[in-house]
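Colleague: Would you mind keeping the following structure in view while I ask a few things?
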Amino acid sequence: MAKISFTRKYTKGDTTPLYAQIPISEPVKIGNKTKYNYLRYYISETINPKFWNKKTCRAKSTAKFPEYPEFNQRLDDIESMINAVLLSFKNSGSTPTKDEIKNELDKVIKQKNTATDATSLANLTLTQFTQHLIDTLPYKKSTLKSYKVVLRNLKDYEKKHKTVLTYKNADIDFYNLFVKYLTDLGLAQNTIGTRIKIIKTILNKANERGIDVSLDYQKKSFSKPKEETESIYLNETELSKMYNLSNLPKYLETVRDMFIIGSYTGLRYSDLFRLTKDNITSDNTISLKTQKTERIVDIPIHTRVKQIFEKYDYQLPKSISNQKYNEYIKEVAEKAEINEPITTQNRIKGMLVSSTTPKYKLVTSHTARRSFATNAYLADVPVLSIMEITGHKTESAFMKYIKMSSKDNAMKLKSHKFFNPLTIAK
């Protein structure tokens, strides 16, 4: 009979799940071909694809993955348990189905893993547990990047405070000192809030695994700092100035065109460059499964969006990095003379600092999505209809998202009947 082998599932990202390919019956010879009957059984292990050796079906022996001895030992143990289950069925004289084998493996392997993991993970420090999550959980690349930044912060904090962080001393006192540490680094309140949110998630994952942790992270006082930011949008006049620019270099023209599409569809940067002709339906709408939320959104095609699609013969420009996109769209906005002075306030090392900046310097890829939401609202598109496209779950969250100026608000109210009372006949 063929041997048990471990294989990784081919997925995008820095981590990929592993499964055991288990032969459950003798191979059958059909002509010149041999047919095998396998059970694909996913195990509770993931790995970065670059550390996987396809030939040996084990992790590579490399200093870049220092956990490889323990990792490979776990695979050896799992293989032994699988063989024991198969031998048990063989000795009983039964011919089990795939489901019966799977159920027995669940009992033997996953229950053992649960008990073993809780014991071994409980002996880790907080930074070691954070590294464990980075190494094993199938996070998106952007999420992994955020976790790695937090891990660097935690290690630096330990060094500065000459301490070792544990599950139990990650309490409210740690929270206060860590927020001060991040503030002293000059980070904005919302950035600090993101780091605290990740730490709360890390502690919660430890708690879910039965590890004894300080429950201070569940308290209101262990909250993520937050402050309102000055996010802008471009009004219809500004979008027209941008749309009507001529003689742009090719690299600016393509970024301008994609920004305009974003401003009339509400799609995120991550979805814009995924648009193809296949996303256009027969009833003249765009239908797309969004990357972030995995929701299908249906959006009417604005005239300008249609013109841009036709301009490129329905093959839109290739994606560029978000960093380059943000750099180029500022150039476009500057050429469109979007120069309105915008006063912003930022908290730097705990101090509130005001500064005035020309509007074009604040334009980013996300400005397009916010422009869509705000302009649609000002044009009296029903709020729930806009939310169906943007994905906001509550009207209050949507109203915080849009950026309507005081003047915009006054112009919107100007036509309201409250400000236009009927003339009472004498």
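Its first residue numbered 1, the sequence shown is counted upward by one per residue in the numbering used here.
Glycine residues also receive a C-beta, built at the ideal position from the N, C-alpha and C atoms.
As the structure is a prediction and not an experimental result, all values here were calculated from the model.
1) According to DSSP, is Asp298 part of a helix, a strand, or is it coil?
2) So, does the region 326-344 touch the region 208-227, judging by three or more C-beta pairs under 8 Å?
3) What does the alpha-carbon distance come out to for the pair Ile424 and Thr357?
4) In this structure, how does DSSP classify Asn32 when only helix, strand and coil are distinguished?
5) Per DSSP, Gln21 is paired with what?
6) For the putative contact between Val150 and Met242, defined by C-beta atoms under 8 Å, what is the C-beta separation to the nearest angstrom?
7) On the three-state DSSP scale, how would you describe Ile424?
8) Whose CA, out of Lys107, Arg304, Leu203, lies closest to the CA of Thr166?
9) Find the nearest neighbour of Thr364 within the set Leu234, His132, Pro66, Phe65, judged by alpha-carbon distance.
10) Spatial neighbours of Met435 within its chain, please: CB distance less than 6 Å, with the 5 preceding and 5 following residues excluded, ordered by chain position.
11) Quick check on this structure: which residue in Leu316, Lys324, Tyr360 has the alpha carbon closest to the alpha carbon of Ala336?
12) Report the residue ranges of all alpha helix (DSSP H) runs contained in full by the region 258-327; include only those spanning at least 4 residues, in chain order.
13) Just how far apart, CA to CA, sit Leu267 and Thr390?
14) Within 10 angstroms of the Cβ of Lys426, are there 16 or more other Cβ atoms? Answer buried if so, exposed if not.
15) With 16 as the cutoff for other CB atoms within 10 Å, does Ile296 come out buried or exposed?
16) When burial is assigned at 16 or more other CB atoms within 10 Å of the CB, is Gly93 buried or exposed?
17) Where does Gly186 land, buried or exposed, given buried means 16+ other C-beta within 10 angstroms?
18) Sort Thr394, Asp14, Ile4, Pro317 by Cα distance to Thr136 and report the nearest one.
19) In whole angstroms, what separates the C-alpha of Ile47 from that of Phe65?
20) Three-state secondary structure (DSSP) at Glu227?
21) Per the DSSP calculation, Arg74 is bridged to which residue(s)?
22) Have a look at Val255, Gly262, Arg74, Lys55 and flag the residue whose alpha-carbon is nearest the alpha-carbon of Ala376.
23) Can you list, in chain order, the residues of its chain with a C-beta nearer than 8 Å to that of Arg370? Leave out the 5 residues immediately preceding and following it.
24) Quick check on DSSP: helix, strand or coil for Ile386?
25) With respect to the alpha helix (DSSP H) encompassing Met411, which residues constitute its N-terminal and C-terminal limits?
26) Taking DSSP as the reference, what is the three-state secondary structure of Pro358?
27) Once the 5 residues before and after Leu252 are set aside, which same chain residues still bring their CB inside 7 Å of it?
28) Please report the straight-line C-alpha distance between Thr254 and Pro300, rounded to a whole angstrom.
29) What do you reckon, are the CB atoms on Ile78 and Ala20 nearer than 9 Å?
30) For the alpha helix (DSSP H) that contains Ser240, what are its first and last residues?
31) Return helix, strand or coil for Thr183, following the three-state DSSP convention.
32) Cutting at 8 Å between CB atoms, please list the residues of its own chain near Asn83, excluding the five before and the five after it.
Modeller: Working from what's here:
1) Position 298 of the sequence shown, counted from the start, is the residue given in the question as residue 298. Asp298: strand per DSSP, three-state reduction.
2) No, because fewer than three Cβ pairs between the region 326-344 and the region 208-227 fall closer than 8 Å, the two stretches do not touch.
3) As a position in the sequence shown, residue 424 is number 424, starting the count at 1. As a position in the sequence shown, residue 357 is number 357, starting the count at 1. Because Ile424 carries a pLDDT of 46, less than 50, the predicted location of this residue cannot be relied on, and the following value inherits that uncertainty. Approximately 49 Å between the Cα atoms of the pair.
4) Translated into positions along the sequence shown, residue 32 becomes position 32. If DSSP states are grouped into helix, strand and coil, Asn32 belongs with coil.
5) Counting from 1 along the sequence shown, the entry for residue 21 is found at position 21. Gln21 is bridged to Ser5, Arg40.
6) Residue numbering aside, residue 150 sits at position 150 when the sequence shown is read from its first letter. Residue numbering aside, residue 242 sits at position 242 when the sequence shown is read from its first letter. With a Cβ gap of about 37 Å, Val150 and Met242 do not count as contacting.
7) By one-based count along the sequence shown, residue 424 stands at place 424. Here the model assigns Ile424 a pLDDT of 46, short of 50, so the residue's position is not dependable, and the following value carries that caveat. Coil, per DSSP.
8) By one-based count along the sequence shown, residue 166 stands at place 166. Comparing C-alpha distances from Thr166 to each of Lys107, Arg304, Leu203 shows the shortest one belongs to Leu203.
9) As a working note, residue 364 is residue 364 in the sequence shown. Minimum Cα distance to Thr364 is reached at Leu234.
10) The question about residue 435 has no answer, for the chain in this structure spans 1 to 426.
11) Locating residue 336 in the sequence shown gives position 336, where the first residue counts as 1. Minimum Cα distance to Ala336 is reached at Tyr360.
12) List check, alpha helix (DSSP H) in window: 269-272, 303-311.
13) Counting from 1 along the sequence shown, the entry for residue 267 is found at position 267. Counting from 1 along the sequence shown, the entry for residue 390 is found at position 390. Computed Cα separation, rounded: 8 Å.
14) Locating residue 426 in the sequence shown gives position 426, where the first residue counts as 1. Because Lys426 sits at a pLDDT of 44, beneath the cut-off of 50, its placement in the model cannot be relied upon, and the point is left open.
15) Translated into positions along the sequence shown, residue 296 becomes position 296. Ile296 should be labelled exposed.
16) Within the sequence shown, the letter at position 93 stands for residue 93. Its Cβ having fewer than 16 others within 10 Å, Gly93 is exposed.
17) By 1-based counting over the sequence shown, the position of residue 186 is 186. Result: exposed.
18) As a working note, residue 136 is residue 136 in the sequence shown. With distances taken between Cα atoms, Thr136 lies closest to Asp14.
19) By one-based count along the sequence shown, residue 47 stands at place 47. By one-based count along the sequence shown, residue 65 stands at place 65. Going from the Cα of Ile47 to the Cα of Phe65 covers about 10 Å.
20) Working through the sequence shown from its first residue, we reach residue 227 at position 227. For Glu227, the secondary structure class from DSSP, reduced to helix, strand or coil, is coil.
21) Taking the first residue of the sequence shown as position 1, residue 74 is located at position 74. None; Arg74 has no bridge partner.
22) Position 376 of the sequence shown holds residue 376. Here the closest residue by C-alpha is Gly262.
23) One-based indexing of the sequence shown puts residue 370 at position 370. Only Ser231, Ile232, Tyr233, Tyr401, Ile402, Lys403 meet the Cβ criterion.
24) Position 386 of the sequence shown, counted from the first residue, corresponds to residue 386. Three-state result, Ile386: helix.
25) For the purposes of this step, residue 411 is taken as the residue at position 411 of the sequence shown. If you look at Met411, you'll find it in the alpha helix (DSSP H) that goes 406-414.
26) Mapped onto the sequence shown, residue 358 falls at position 358. DSSP places Pro358 in strand when its eight states are reduced to three.
27) For the purposes of this step, residue 252 is taken as residue 252 along the sequence shown, with counting starting at 1. Sequence-distant partners of Leu252 (beyond 5 residues in either direction) whose C-beta falls short of 7 Å from its own C-beta, in its chain, are Tyr328, Glu331, Val332.
28) Locating residue 254 in the sequence shown gives position 254, where the first residue counts as 1. Locating residue 300 in the sequence shown gives position 300, where the first residue counts as 1. So the two alpha carbons sit approximately 22 Å from each other.
29) Within the sequence shown, the letter at position 78 stands for residue 78. Within the sequence shown, the letter at position 20 stands for residue 20. Cβ distance < 9 Å, so Ile78 and Ala20 count as in contact.
30) The residue you call residue 240 lines up with position 240 of the sequence shown. Residues 236-243.
31) One-based indexing of the sequence shown puts residue 183 at position 183. Three-state DSSP puts Thr183 in a helix.
32) Residue 83 sits at position 83 when you count from the first residue of the sequence shown. Excluding sequence neighbours, Asn83 sits near Ile4.
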